[in-house]
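Below is one structure, written out as structure tokens; comments come after it.
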Amino acid sequence: MSRVRPVAWYTILIGLSFVFIAPLIWMLLTAFKTSGEATRVPPTVFPQEPTTGAFDTLMGNDQTPVLRWFLNSVLAATGQALLVLAVASMAAYALARLEFRFKRLIFGMIIATLFIPSFVLIIPNFLIVDRLGMLDTLWALVLPGAAGAFGVFFLRQFFLSLPRELEEAAVLEGANSWQIFTKVVLPLSKPALATLAVISFLTNWNDFIWPIYVLFSPEVLTLPPGLDILQGAYTINYPVIMAGALVASVPVLLLFMVAQRYVIEGVSRSGLKG
Amino acid sequence: MAAETAATGGQVRRTGPATPYLFLLPYFVVFTTFVLVPAVYGLWISLHDWDYLLPGKPFVGLDNYKALFDPGSAVYSFWWESLSATGIFTVLSVPLLLVIPLLIALLLNRRFKGRTLFRAIYFAPYVLGVAVIGVLWRFLLDPNLGVVNAIIGGSTPWTTAVPWAWVTLVGVTVWWTLGFNAVIYLAGLQDIPRELYEAARIDGGGKWSEFRHVTLPGLRPVLLFITVNTILVSANMFGQSYLITQGAPGTETRTAIMYIAQVGLADYKMGSAAAMSYLLTACLLVISVIVFRMFREKDK
Amino acid sequence: MNLSRRHVMGLGVGAGSAVLLSACGDSGPNEKVTGGGQNAAPAATSYDGPNVALAFWNGFTGGDGPFMKKLVDQFNTEHPNIKVSMNTYQWADYYQKTPAAVATGNGPDVGIMHVDHVSTNAARGVILPLEDLAKALNFKAEDFSPPVWNAGVYNNTRYSIPLDVHPLGFFYNKGVMEKAGLDPEKPPTTNDEYQAALETMKSKGIQGDWVTPFEFTGSMQFQSLLWQFGGQLFDEAATKATFGEQAGVQALTWMTDHVKNGYSPKNVAQDADIVAFRNSKNAFNWNGIWTINTLKEDKNLQWGVAPLPQIGTQKAAWAGSHQFVQFKPKAKDDNKLAAGKVFINWISQHSIEWARGGQVPARAEIRDSAEFKALPEQSAIGTQIDYLHFLPPKPGIADAMATVVTAINEAVLGRKEPAKALADGAAKADQLLEQNAKKYGG
């Protein structure tokens, strides 16, 4: 791609970065303040009496097994992301590339459910999950989330934008639909798949309302409802809130940076470097 | 499965008749169980005075829907006020969330040192849950004590008066979710074959014509997705209002979803809440049909 | 919707339906509590049955949690055949979770509810009557305090046993008062003194009493003032909102005048009043007893707390109350029900420990004890016990309360005149009360 003047380039990038990251740095610094200092007016930028008290509150209580919650969150979010990738990619491929009766109708129906506010589904889904005997288990977090229309719609749009030539070449070589799907379409779609994986993971990771309904035992909780327990009922303890947010968000940010490599990898897929 | 090769309407096909349905099957199992059945159940609920814990769930026909159009009902003014709040928010935020992330994606879709880091930075706010960004911004934007007013001077009521509250809600949302759309744009940009750019360069068009004739058409399906999804997410906005403005002043920034949640999950009037949900769904369907038409998929 | 969990606290109150009661009547607890022949210990003070495990859920996520945990541990030690395990959730989550859990047979055995949630949960069949426990222990209203004791009765049946009350108190920042030339040991107790103090501070450039337009704690302040001016939120049967009448307008106008007269800044955001107080930018704050623990974190802050000043024609204060409840089980288990009652009674008797966590015990004998009097802040707030007010025990009353919160918000933020805001809110509340009467068959 074209060259730009590096100085101007980085100035824009760094300037913009500041807007995005300043509030997060604020969050980081707040996590190391005392609760009194966190609400001081005018505010202090750097902690005057740095303390890990907020983290001690988070970690130092056998009533609140934060590591266990973390593990549960990883399991549920990973499970959901993998399941979404598997079922949505197959359905999206059929909807994007195969011809069959009622295709538009089926696609229309799937898309229409996107517009139903999730609140209305909570109680019916709760009753269904109960019927299936999945209450108070991580399955209750993995399965319903994987059923959303988002992944199918997302991947269908990406599959539509793939050039058809490679698939046509595979057909001429005698490949069937499954082979085309696994050997041609999926490898070409790494950026989209990686993106969807991150989005699904994150959606599950931050999900809050649903776990409140379906999880009861402390050892099955995930991070968002778990951390919430630690953020005192009536108090304005900002350091604990921010420390909890750090614990929950830093791993996801790292995951995103790793996943980015796959998104970038896509650039050179057809052997053409930019 | 019996393979057949046929060219229908310019499309190469090599599938047995059951193949497409087999591809759809796994998704349809979960979809039916956790979306379709609950959605139909929800419609059923909307025809009742429904509380899952009360033994009597009287059938009321379309009364829950009629109440939404009856100025004398308890829900009428709250419902339309909240729906218009959602409308205001959606109209203000969607254009920004379509354009700014595209610009950022174009900016980042180049090869330069540290681009992984920059991408992560722009995406970072989205990693945080709404609970955290809500508390964070309410704190930063406090009219009398907040850091923002301390820096810019004055006592702008960012969270307690309109129109400032709208500026806050839209601004925070753009800040928070921009990275999400930018990442999808970025993934979409990877799908555009390099050859097309090279051809455009040989044709001697400028940057702008390259963008118009290569980038935009290449992004069309992805753009459709982002447009529909952004409208959807904006129309479902809830947490930001709930945490930052709490609907204030009065109930002027209380969104439709916030009101639906209040009625359904706090007042336990699921029938009425379901009726509101489906009315909102209908509005969104109409809008999305228009959007789909605008993008008219011609690659069939 | 994660959200400031405390907001849900106001949501959901109860009263309601005879229909429902009959539905859960057969699983009502019985008196199989064994006293044992000659010892004849009164029922519900001991349990001799086989070993049972009890799940005890509550929302004590703050500094109060460890105090309750300690009590539970002590109870377990003293009762080898009862094992209580305590689960804590945020209150807002808790009130969503428990009905759902009970509906599917996953509910706990014993729990705590705020008094304004009791009748809604009774009407919805989430909790069991505790009539027999009260009778067995021969509890009377005077053993607690009539308003708090009576608040646990819905449809002539007792559903909860009070653990504590947590009233609003008057917090004053001694440093700011001193700076303004006021006597920091003499907080105002009447409206005249109050206004004089505000005027003095204003002349020194201090906005001394930030009025918050939000539920925490603006709506609690409004309710206290309303009662002080002789008003009521709702009529006796809770079929009509009366907060828009004369007393309500006086109460709300008193609050908005603070802003008009420059005693409070405009546009006070959620929590800004207490944050300003901690930063010595605000002198007076009407806040809940739970604020004691928050303020104690600030080692350098000089502050005190007193009963609410009397602004209107009589004394009155808002209060919440944590109350014990027993949840409706999937299958009736007499041993668990009996053990649960022993647990409730025992904790109630030992609630002085609980008071140290920042509460006023509901039990009069403990409130009158020297140990409680030795807790200066708690006992200062506790002196208001005889004029505390609670919401009428109607299911869904919180739906109507939401209109009060909105009216206060509109008025304090200057969007509407107090009278208009309250009248609009009352009209809405009337509609909601009518809807709920239909829904819960009240």
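Chains as they are written, first to last, in the numbering used here: chain X, -9 to 264; chain D, 274 to 573; chain S, 184 to 625.
All C-beta atoms, glycine included, are put in the ideal place defined by N, C-alpha and C.
Taking the straight line between their C-alpha atoms, what separation do you get for residue i and residue j?
i	j	result
A612 of chain S	N270 of chain S	35 Å
F555 of chain S	V488 of chain S	16 Å
L95 of chain X	I377 of chain D	36 Å
V403 of chain D	N304 of chain S	30 Å
A301 of chain S	T260 of chain S	Note that residue 301 of chain S is Val in the sequence shown, not Ala. About 30 Å.
L381 of chain D	S428 of chain D	36 Å
G218 of chain S	A334 of chain S	Low per-residue confidence applies at G218 of chain S: pLDDT is 32, beneath 50, and the placement is therefore not dependable enough to give any value.
P33 of chain X	L6 of chain X	24 Å
F10 of chain X	P398 of chain D	7 Å
T287 of chain S	K513 of chain S	8 Å
G360 of chain D	F399 of chain S	29 Å
P265 of chain X	D120 of chain X	This structure gives no information on residue 265 of chain X, because the portion of chain X shown stretches from -9 to 264.
G541 of chain S	I475 of chain S	7 Å
G523 of chain S	K266 of chain S	10 Å
G290 of chain S	K511 of chain S	8 Å
F296 of chain D	D540 of chain D	42 Å
P212 of chain S	W431 of chain D	For P212 of chain S, the predicted structure reports a pLDDT of 34, less than 50, and the residue's modelled location is therefore unreliable. A value from the coordinates is still provided. For P212 of chain S and W431 of chain D, the distance between alpha carbons rounds to 53 Å.
L558 of chain D	W439 of chain D	25 Å
A545 of chain S	F353 of chain S	20 Å
A102 of chain X	V506 of chain D	14 Å
H190 of chain S	S402 of chain S	Note that H190 of chain S scores 37 on pLDDT, short of 50, meaning its location in the model is unreliable; the coordinates nonetheless yield the value given after this. Going from the Cα of H190 of chain S to the Cα of S402 of chain S covers about 12 Å.
R251 of chain X	L244 of chain X	12 Å
R392 of chain D	Y470 of chain D	23 Å
Give a yes or no on whether 8 Å exceeds the smallest Cβ distance from residue i to chain D.
i	result
I113 of chain X	yes
I15 of chain X	no
L84 of chain X	For clarity, residue 84 of chain X is Ala in the given sequence; the question names Leu instead. Yes, A84 of chain X lies at the interface with chain D (some Cβ there is under 8 Å from its Cβ).
L615 of chain S	yes
D582 of chain S	yes
Closest by CA to residue i, which one among the options?
i	options	result
V442 of chain S	S:E600, S:Q618, S:Y230	S:E600
Y395 of chain D	D:S482, D:R474, D:W448	D:W448
G512 of chain D	D:L401, D:G419, D:A397, D:I475	D:L401
Y338 of chain D	D:L327, D:N417, D:W352	D:W352
V188 of chain X	D:I424, D:F362, D:F453	D:F453
P578 of chain S	S:A424, S:V348, S:Y337	S:Y337
A238 of chain X	X:T172, X:L14, X:M80, X:L213	X:L213
I344 of chain S	S:G471, S:A380, S:G358, S:F507	S:F507
F498 of chain D	D:V564, D:Q535, D:I517, D:A473	D:V564
H329 of chain S	S:W469, S:S504, S:S386, S:D440	Just to set this straight, residue 329 of chain S is Pro in the shown sequence, not His. For P329 of chain S, the nearest C-alpha among the options comes from S:S504.
A529 of chain D	D:T363, D:A291, D:P344, D:Y314	D:T363
Please confirm if residue i has its CB atom under 8 Å from at least one CB of chain S.
i	result
D476 of chain D	no
L133 of chain X	no
G98 of chain X	no
I457 of chain D	no
P229 of chain X	no
A434 of chain D	yes
F22 of chain X	no
P311 of chain D	no
For chain X, check one thing: does any of its Cβ atoms lie closer than 8 Å to the Cβ of residue i?
i	result
V458 of chain S	yes
L418 of chain D	yes
Y515 of chain D	no
D464 of chain D	yes
So does residue i have its beta carbon nearer than 7 Å to some heavy atom of the ligand ZN?
i	result
P290 of chain D	With respect to the ligand ZN, the structure offers nothing, as it holds no ligand at all.
| If we count Cβ pairs, one from each stretch, closer than 8 Å, do we get three or more for the segment 448 to 466 of chain D versus the segment 485 to 493 of chain D? | Here the segment 448 to 466 of chain D lies against the segment 485 to 493 of chain D, with 3 or more beta-carbon pairs under 8 Å apart.
| request: Scan the segment 150 to 184 of chain X for residues whose Cβ lies nearer than 7 Å to a Cβ of chain D and list them as they occur along the chain. | output: Residues L150, S151, L152, P153, E158, V161, N166, S167, P181, A182.
| request: Taking a Cβ distance cut-off of 7 Å, strictly less, list which residues of the segment 265 to 295 of chain S are near chain X, in chain order. | output: Of all residues in the segment 265 to 295 of chain S, N270, T271, Y272, Q273, W274, D276, Q279, K280, A283, A284, T287, N289 have a Cβ within less than 7 Å of some Cβ in chain X.
| query | According to a CB-to-CB cut-off of less than 9 Å, which residues of the segment 321 to 342 of chain D neighbour chain X? | reply | For the segment 321 to 342 of chain D, which is checked against every Cβ of chain X, the residues closer than 9 Å are W323, Y325.
| Interfacial residues, the segment 447 to 477 of chain S to chain X, with Cβ spacing under 8 Å | Result list: D454, I457, V458, A459, R461, N462, K464, G471, W473, T474, N476, T477.
| query | Just by C-beta distance, which residues in the segment 516 to 530 of chain D are closer than 7 Å to chain S? | reply | Within the segment 516 to 530 of chain D, the qualifying residues are L516, Q519, A521, P522, G523, T524.
| task | Pair every Cβ in the segment 193 to 207 of chain X with every Cβ in the segment 56 to 76 of chain X, then say whether three or more of these pairs are closer than 8 Å. | result | Contact holds between the segment 193 to 207 of chain X and the segment 56 to 76 of chain X, because three or more Cβ pairs, one in each stretch, are under 8 Å apart.
| message | Closer than 8 Å is the cut-off here; do at least three beta carbon pairs connect the segment 148 to 167 of chain X with the segment 321 to 332 of chain D? | response | At 8 Å Cβ cutoff, the stretches do not touch.
| said: Taking 8 Å as the cut-off, does the segment 104 to 117 of chain X touch the segment 542 to 557 of chain D (at least 3 CB pairs, one atom from each stretch)? | reply: Between the segment 542 to 557 of chain D and the segment 104 to 117 of chain X there are three or more C-beta pairs closer than 8 Å, enough to call the two in contact.
| request: Pair every Cβ in the segment 452 to 463 of chain S with every Cβ in the segment 527 to 536 of chain S, then say whether three or more of these pairs are closer than 8 Å. | output: Because the criterion of three Cβ pairs below 8 Å is not met, the segment 452 to 463 of chain S and the segment 527 to 536 of chain S do not touch.
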